[in-house]
Amino acid sequence: MKLSEVQQILDAEVVVGQDQMQKDVYTAFGADLMSDVLAFARPGTMLLTGLTNPQVIRTSEILDIAAIIIVRGKVPPPETIKLAEELNIPILRTRYILFETAGRLYRWGIVGCVDKVDAGKKRG
Amino acid sequence: MPGKSADKKPSFSDTFSVVGGNFDDAGRVSSRIKGILKKMCLPFEVIRKAAICTFEAEMNIVCYAQRGDITLSVDEDRIVIEVVDQGEGIPDIDLAMQAGYSTSTAKIREMGFGAGMGLMNIDRYADDFDITSEVGKGTKLVMIVNITEGS
Amino acid sequence: MELGFIVKNLKLMVRSGSENLTVDVNGGYVGDLLSDVIANSKQGDIWITRQIHQNIVAVATLKDLAGIILVDNNEPARETLEKAIREMVPVMVSELPCFETAGRIYQLIAAREK
Ligand SMILES: Nc1ncnc2c1ncn2[C@@H]1O[C@H](COP(=O)(O)OP(=O)(O)O)[C@@H](O)[C@H]1O
Ligand SMILES: [Mg+2]
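Okay, structure coming up:
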């Protein structure tokens, strides 16, 4: 699915990355905890979150997140937008809650994404 | 100083400092290090593992220390990231390593961090991880990611 | 829709509040920040989260939520479980990640409304 379709499905506003709406996305990861995103999100996924601080962008950069969908109509602060522009990470903003956002995307065929490395792997 | 030879993977070492408590800028050093590793054309998964470990460690300096230094060293077969901070230190490392254990403040949690998964995450993504700490002085982490093709 | 229907459909593992699985689910709320859930969830919502701290039980009671689903195989902390059993708040564990858990429940509710 193209980001432009995601935008339509979520009735979203493109905050950063108007030029990247042709990007393809297949998976999504929903979380308000960046710790969780760092632990489990796979590269190339969309991040659905209610957080708007610049750390969300940093986290996305580190993990190669394809796009950030800010839910609940939250408005990202200027420092967040600036960093996203700098690092070229698209931000879409929807007024839907995370439940509705996930539901709509799921209905259109987006699937979940989790890194299945299990925690006790090395230390047994 | 970065090695400038034409080798595919030159030996490299550089140190970056991190200021404690500066949340606006937190993660900058990790981004920088990730950029350096990308330029070396290392395998994607290797860069990703190293970046995640560095980021968690950097966040911990910002959250729990006054300042710290992150040293990145890369040679032919591995990436070594050494993180030394001057901070409060960790009284009980086994406890701190447990998933969910955290002394984070409300401010940290509002930013989506402080769920007590950082050290566990480092342990998971690093091929080798060592942590030592002295209360009132600081903490030292050594994280190693092996460079294996196609990993 | 009855909570029990969701439990069956998603093969959730019920950890507490099994006496309350007949409660009616009106909608869903996904959130990991307690202050956000307190502010924005609605009565009868099923709450999807990865927070396992005992405060989640208090939030669910306060907001009259239908129950709490912990995603990604996260188990409730011991105090959380004790409190949830005492207060008969359904706490369930989903092996699916948050996105998928929410997506499926959304579908179930949407199908029912047709
Ligand atoms: N560099 C550090 N200096 C002092 N304390 C630390 C440091 N890193 C971690 N800790 C302690 O260990 C706990 C667990 O750390 P971590 O697993 O990263 O989770 P979190 O940062 O989410 O709390 C922290 O809450 C803190 O008490
Ligand atoms: Mg941490």
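Chains as they are written, first to last, in the working numbering: chain A, 1 to 124; chain B, 1 to 151; chain C, 1 to 114. Beta carbons: idealized from backbone N, C-alpha and C, even for Gly. Keep in mind the model is a prediction, meaning the values are calculated, not measured.
By alpha-carbon positions, which one of the options ends up nearest to residue i?
i	options	result
GLY73 of chain A	A:GLU79, A:ASP64, A:LEU92	A:LEU92
ALA77 of chain C	C:ARG86, C:HIS53, C:PRO90, C:ILE68	C:HIS53
ILE89 of chain A	A:ARG95, A:SER35, A:ARG107, A:GLN55	A:GLN55
VAL135 of chain B	B:ILE90, B:THR105, B:ILE81, B:VAL74	B:ILE90
ASN121 of chain B	B:ILE147, B:MET97, B:GLU82	B:MET97
ILE70 of chain A	A:ASN53, A:THR27, A:ILE62, A:GLU85	A:ASN53
ARG50 of chain C	C:GLN107, C:THR61, C:ALA102, C:GLU113	C:ALA102
LYS39 of chain B	B:ARG67, B:THR132, B:ASN146, B:VAL74	B:VAL74
VAL84 of chain B	B:GLU45, B:GLY116, B:GLU76, B:TYR64	B:TYR64
ILE81 of chain B	B:ARG109, B:ILE33, B:ILE108, B:THR132	B:ILE33
VAL75 of chain A	A:SER60, A:VAL15, A:GLU85, A:ASP36	A:VAL15
ASP77 of chain B	B:ILE131, B:LEU42, B:GLN86	B:LEU42
ALA39 of chain C	C:ARG86, C:LEU62, C:LYS8	C:LEU62
ASN22 of chain B	B:MET59, B:ILE79, B:GLY35, B:CYS53	B:MET59
GLU200 of chain C	C:VAL23, C:MET1, C:ILE56	Nothing about residue 200 of chain C can be read from this structure; chain C reaches only from 1 to 114.
LYS83 of chain C	C:LEU70, C:LEU3, C:SER16, C:GLY4	C:SER16
LEU189 of chain A	A:GLU61, A:ILE65, A:TYR106	The structure shown has nothing for residue 189 of chain A, since chain A only spans 1 to 124.
For my contact list, residue i and residue j are in at a C-beta cut-off of 8 Å; report their separation, rounded to the angstrom.
i	j	result
ALA126 of chain B	MET111 of chain B	Their Cβ separation, rounded to whole angstroms, is 24 Å, which puts ALA126 of chain B and MET111 of chain B out of contact at 8 Å.
ALA66 of chain C	ILE46 of chain C	5 Å
LEU51 of chain A	ALA102 of chain A	Their Cβ separation, rounded to whole angstroms, is 16 Å, which puts LEU51 of chain A and ALA102 of chain A out of contact at 8 Å.
GLU19 of chain C	MET88 of chain C	6 Å
ALA41 of chain A	LEU63 of chain A	5 Å
GLY4 of chain C	GLY27 of chain C	No, GLY4 of chain C and GLY27 of chain C are not in contact; Cβ-Cβ is about 17 Å, not under 8 Å.
SER94 of chain C	ILE69 of chain C	5 Å
THR71 of chain B	THR148 of chain B	With 8 Å as the limit, THR71 of chain B and THR148 of chain B do not qualify as a contact, their Cβ atoms being about 22 Å apart.
Please state the DSSP three-state secondary structure of residue i.
i	result
LYS39 of chain B	helix
VAL15 of chain A	strand
GLU100 of chain A	helix
ILE57 of chain A	helix
ILE69 of chain A	strand
PHE29 of chain A	strand
ASP118 of chain A	Low local confidence applies: a pLDDT of 44 at ASP118 of chain A is under 50, so the model's placement there is unreliable, and no value is given.
LEU70 of chain C	strand
VAL57 of chain C	helix
LYS8 of chain C	helix
ILE131 of chain B	strand
VAL91 of chain C	strand
SER151 of chain B	Since pLDDT at SER151 of chain B reaches only 49, below the 50 mark, its modelled position is unreliable, and the value read off the structure follows with that caveat. Note: SER151 of chain B maps to coil in three-state DSSP.
PHE23 of chain B	helix
ARG104 of chain C	helix
ARG123 of chain A	Because the pLDDT at ARG123 of chain A is just 28, under 50, the model does not fix this residue reliably, and the point stays unresolved.
PHE55 of chain B	helix
LYS4 of chain B	For LYS4 of chain B, the pLDDT reaches just 48, beneath the cut-off of 50, and the residue's location in the model is therefore unreliable, leaving the point undetermined.
GLU45 of chain B	helix
LYS82 of chain A	helix
ALA115 of chain B	coil
THR49 of chain C	strand
THR52 of chain A	coil
ALA65 of chain B	strand
VAL75 of chain A	coil
SER102 of chain B	coil
What does residue i reach in chain B if we use C-beta pairs closer than 9 Å?
i	result
ILE52 of chain C	GLY100
Below 9 Å on C-beta distance, what does residue i contact in chain A?
i	result
PHE16 of chain B	Neighbours of PHE16 of chain B on chain A: none; closest Cβ ~15 Å, over 9 Å.
GLU56 of chain B	SER35, LEU38
ARG48 of chain B	PRO43, ILE62, LEU63, ASP64
GLN43 of chain C	Under the 9 Å cutoff, chain A gives no residues; its nearest Cβ is about 15 Å from GLN43 of chain C.
ILE48 of chain C	GLY30, LEU98, PHE99, ALA102
LEU33 of chain C	ASP32, LEU33, GLY50, LEU51
Going by beta-carbon coordinates alone, are residue i and residue j separated by less than 9 Å?
i	j	result
MET46 of chain A	ILE97 of chain A	no
GLN22 of chain A	ALA67 of chain A	no
PHE99 of chain A	PRO97 of chain C	no
LEU10 of chain C	ARG104 of chain C	yes
LYS137 of chain B	ILE131 of chain B	no
ARG67 of chain B	VAL19 of chain B	yes
ILE9 of chain A	LEU83 of chain A	no
PHE44 of chain B	PRO43 of chain A	yes
THR94 of chain A	ILE57 of chain A	no
SER192 of chain A	GLY27 of chain B	With chain A represented from 1 up to 124, any question about residue 192 of chain A goes unanswered, as that position is not in the structure.
MET1 of chain A	VAL25 of chain A	yes
MET1 of chain C	ASP24 of chain C	yes
GLY114 of chain B	ILE108 of chain B	yes
So with CB distances below 8 Å, who are the chain A contacts of residue i?
i	result
VAL30 of chain C	GLY30, ILE97, LEU98, PHE99, ALA102
ASN121 of chain B	SER35, LEU38, ALA39
ASP36 of chain C	ASP32, GLY50, ARG72
Given that residue i touches chain C, what residues does it touch there, using C-beta distances under 9 Å?
i	result
VAL111 of chain A	PHE99, GLU100, GLY103
TYR106 of chain A	PHE99, GLU100, ALA102, GLY103, ARG104, TYR106, GLN107
If the cut is a Cβ gap below 8 Å, which residues of chain C does residue i touch?
i	result
LEU48 of chain A	PHE99
VAL114 of chain A	ASP72, PRO97
Who are the neighbours of residue i on chain B, taking C-beta pairs under 8 Å?
i	result
ARG58 of chain A	ALA26, GLY27, ARG28, SER30, SER31, PHE55
If you measure from the beta carbon of residue i to each beta carbon in chain D, is any gap under 9 Å?
i	result
LYS137 of chain B	In summary, chain D is missing from the structure at hand, where the protein chains are A, B and C.
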